[in-house]
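Student: Here the sequence shown is numbered in UniProt numbering, starting from 1 and rising by one per residue.
Ideal Cβ placement from N, Cα and C applies to all residues, glycine included.
Pasting a structure below so you can have a look.
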Amino acid sequence: MSIVTAPLPGTVLALADVPDPVFAQGMVGAGAAIDPPAQVVEVVAPIAGRIVKLHPHAFAILGEDGVGVLVHLGIDTVGLNGEGFTLHAAEGDALAAGAPVVTYDVPSVIAAGLSAVVPVVILDAPADSVAQDSAAPAGTLVAATTPLLTVTR
């Protein structure tokens, strides 16, 4: 069993409420989402592991137990070409849970007319192996590093 923590502060949303059908329908994987406050926030590693993919707007981290987590900062933010994101890690870095990965300028994403919602998805995991943590049900305000998801596979 693995605990995945919130990578940033905000209000927890069910993945089905993400304004993007690919995430909302679970095509990327099971998980949850966070609606961040309209301010600049630090995004941290939700698990200990190695960054296997890193873009300004998204990263994937693989834990030693084989659990992979995708954190996608906003919806359709790839088109911002890195504007509004400052990287603090590099692809291949091994990080402790809670280590800084990206500074996320939420107001700049909102000003661009995009959703700032952050899907947090467990990669390659069946939906029944991922449960939203009882400490962070939808509607809950969480801080970074608050338990968010439990992976039971």
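Identify whether Leu-114 lies in helix, strand or coil by the three-state DSSP scheme.
Tutor: Sequence index remark: in the sequence shown, residue 114 carries index 114 (1-based). Residue state, collapsed to three classes: coil.
Student: Measuring straight from C-alpha to C-alpha, what distance separates Gly-114 and Ile-3?
Tutor: One-based indexing of the sequence shown puts residue 114 at position 114. One-based indexing of the sequence shown puts residue 3 at position 3. The identity of residue 114 in the sequence shown is Leu, whereas the question assumes Gly. Roughly 30 Å between the two C-alpha positions.
Student: Mapping the DSSP letters down to three states, classify Val-18 as helix, strand or coil.
Tutor: Indexing the sequence shown from 1 puts residue 18 at position 18. Val-18 falls in the coil class under three-state DSSP.
Student: For Gly-31, which beta-bridge partners are listed by DSSP?
Tutor: As a first step, residue 31 must be located in the sequence shown, where it is residue number 31. Paired residues: Val-121.
Student: Residues bridged to Pro-9 by DSSP?
Tutor: Locating residue 9 in the sequence shown gives position 9, counting from the first residue. DSSP lists no partner for Pro-9.
Student: Within 10 Å of its beta-carbon, does Pro-21 have 16 or more other beta-carbons around it, so buried, or fewer, so exposed?
Tutor: As a position in the sequence shown, residue 21 is number 21, starting the count at 1. Exposed, because fewer than 16 other Cβ atoms sit within 10 Å of the Cβ of Pro-21.
Student: What did DSSP end up calling Asp-76 once you bin it into helix, strand or coil?
Tutor: For the purposes of this step, residue 76 is taken as residue 76 along the sequence shown, with counting starting at 1. Coil.
Student: May I have the straight-line CA-CA distance separating Thr-103 from Asp-128, to the nearest angstrom?
Tutor: Position 103 of the sequence shown, counted from the first residue, corresponds to residue 103. Position 128 of the sequence shown, counted from the first residue, corresponds to residue 128. If I take the Cα positions, the gap works out to 32 Å.
Student: Which two residues bound the contiguous beta strand (DSSP E) that contains Pro-36?
Tutor: Translated into positions along the sequence shown, residue 36 becomes position 36. Careful: Pro-36 lies outside any beta strand (DSSP E) and carries neither H nor E.
Student: Any contact of the region 67-84 with the region 108-125, i.e. 3+ C-beta pairs under 8 Å?
Tutor: Yes, the region 67-84 is in contact with the region 108-125.
Student: For residue 179, name the three-state secondary structure that DSSP assigns.
Tutor: No information on residue 179 is available, as it lies outside the stretch 1 to 153 that the chain covers here.
Student: Taking Phe-85 as the reference, give the member of Glu-91, Gly-139, Pro-107 and Ala-136 with the closest Cα.
Tutor: Translated into positions along the sequence shown, residue 85 becomes position 85. That would be Pro-107, whose Cα lies nearest to the Cα of Phe-85.
Student: Closest to Glu-42 by CA distance: which of Gly-139, Leu-87 and Val-52 is it?
Tutor: Your numbering for residue 42 matches position 42 in the sequence shown. Ranking Gly-139, Leu-87 and Val-52 by Cα distance to Glu-42 puts Leu-87 first.
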